[in-house]
Amino acid sequence: MTAPPEPGVGPQPTLITDPADLRAALRGQAVAFVPTMGALHEGHATLIREARSAVPGGRVVVSVFVNPLQFGPHEDLSRYPRDLEGDRRLAGAAGADLLFHPDVPTMYPDGFSTSVSVSGISEPLDGASRPGHFTGVATVVLKLLNLVRPDAAFFGEKDWQQLAVVRRMVRDLNLNVDVRGVPTVRETSGLALSSRNAYLSPEQRAQAAVLSRALQAVQAAYARGERRRAALRQAGLDVLNATPDLTLDYLSVVGSDMHEREIMDSDSMNRVLVAARMFGVRLIDNMPLAPPATLSQPTLSSPTVSPA
1 MTAPPEPGVG PQPTLITDPA DLRAALRGQA VAFVPTMGAL HEGHATLIRE ARSAVPGGRV
61 VVSVFVNPLQ FGPHEDLSRY PRDLEGDRRL AGAAGADLLF HPDVPTMYPD GFSTSVSVSG
121 ISEPLDGASR PGHFTGVATV VLKLLNLVRP DAAFFGEKDW QQLAVVRRMV RDLNLNVDVR
181 GVPTVRETSG LALSSRNAYL SPEQRAQAAV LSRALQAVQA AYARGERRRA ALRQAGLDVL
241 NATPDLTLDY LSVVGSDMHE REIMDSDSMN RVLVAARMFG VRLIDNMPLA PPATLSQPTL
301 SSPTVSPA
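The sequence shown begins at 1 in the numbering used here and counts up by one.
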């Protein structure tokens with residue numbers, strides 16, 4: 001079914017819930033795609049604006065689907081932030097034409113028994129901490145790409161390992177889509193925007209910015225010439241270890257294959273990634289390791305941006 005935009009509330013994308021309606025709306029069009037789980041914030045708006053600029057005469061599709069396959073049995077599926085009307089307003093203001101919002105039976109009908117596993121690159125870090133997570137991600141992304149058939153798909157670099165998994169899947173399966181990563185958008189405190197930031201109070205979000213400060217400490221050590229993984233990692237741990245109410249999952253310095261290396265001196269995709277639980281919320285972040293002049297992280301002007 002398709003619902004037209006409501007009158008009098010500004011530009012809003014057409015809401016589509018049925019894959020057949022989606023295919024009909026996109027037939028013969030250049031398409032840019034932004035897959036999301038909703039609870040949209042300025043980071044998503046940045047993705048949508050990038051998508052809009054990629055197909056000025058085409059269609060921009062944003063999907064909103066909270067994918068149950070990528071949540072573990074004790075994770076936050078039932079309470080994950082949901083605000084479809086807010087998502088629709090933000091997506092429209094950023095330049096989206098269509099909001100695709102299928103339900104779970106549409107995506108996973110009775111008897112659904114197929115999954116996509118991307119071995120190797122999906123196994124360390126979040127893959128080790130959240131078994132089955134990246135199988136759920138790869139499965140839903142492949143389904144969405146098959147439904148939308150975009151020319152380009154846009155993903156935030158905050159979920160760096162997810163982006164790497166999607167790129168490997170697209171390459172390995174010869175999918176005809178250009179996967180584009182967009183740099184992380186941050187509050188002025190440095191905290192990476194995330195839909196799960198909705199669980200945190202403004203004071204807690206300010207304290208959670210310690211994750212970005214730890215990553216910046218690793219960046220600074222790298223810029224000074226340090227290339228030993230253990231020493232780089234310790235620079236970040238020195239920041240995190242002084243923080244109460246923080247339970248570290250991992251702080252890892254990796255190459256493009258997502259695996260740790262003893263010496264970080266030759267791979268242009270060197271990255272430092274962190275995952276930690278603060279105030280009952282699991283947060284992730286990452287930053288590149290590169291000469292300072294090449295680093296750029298979009299930052300918001302306000303430290304208290306609403307996550308939806």
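C-beta: ideal position from N, C-alpha, C; glycine also.
Query	Result
Whole-number beta carbon distance between residue 155 and residue 163, since they are thought to touch under 8 Å	5 Å
Inter-residue spacing [alpha-carbon to alpha-carbon] between residue 257 and residue 61	30 Å
Residue nearest to residue 145 in terms of C-alpha spacing, selected from 91, 70, 58, 176	176
Simplified DSSP assignment, three categories, for residue 48	helix
Three CB pairs or more closer than 8 Å across the segment 79-95 and the segment 37-44	yes
Same chain, Cβ closer than 6 Å to residue 196, neighbours up to 5 away in sequence not counted	281
Rounded straight-line distance, which links the Cα of residue 244 to that of residue 172	43 Å
Residue 36 - partner residues in DSSP beta bridges	64
Simplified DSSP state of residue 108, which is helix, strand or coil	coil
CB contact flag (residue 218, residue 190, <8 Å)	no
Given residue 150 as reference, the closest of 134, 179, 138 once Cα atoms are compared	179
Close-in-space but distant-in-sequence residues of the same chain around residue 81 (CB under 6 Å, 5 per side omitted)	39, 195, 198
Candidates 159, 247, 270, 216: closest to residue 228 by CA position	270
Pairwise C-alpha distance: residue 75 and residue 20	32 Å
Which of helix, strand or coil DSSP assigns to residue 309	The shown model of the chain, from 1 to 308, leaves out residue 309, and the question about it has no answer.
Contained alpha helix (DSSP H) runs [length at least 4] in the segment 177-230, N- to C-terminal order	202-208, 210-223
Under 8 Å between C-beta atoms of residue 276 and residue 238	no
At least three beta-carbon pairs within less than 8 Å, the segment 96-115 to the segment 46-65	yes
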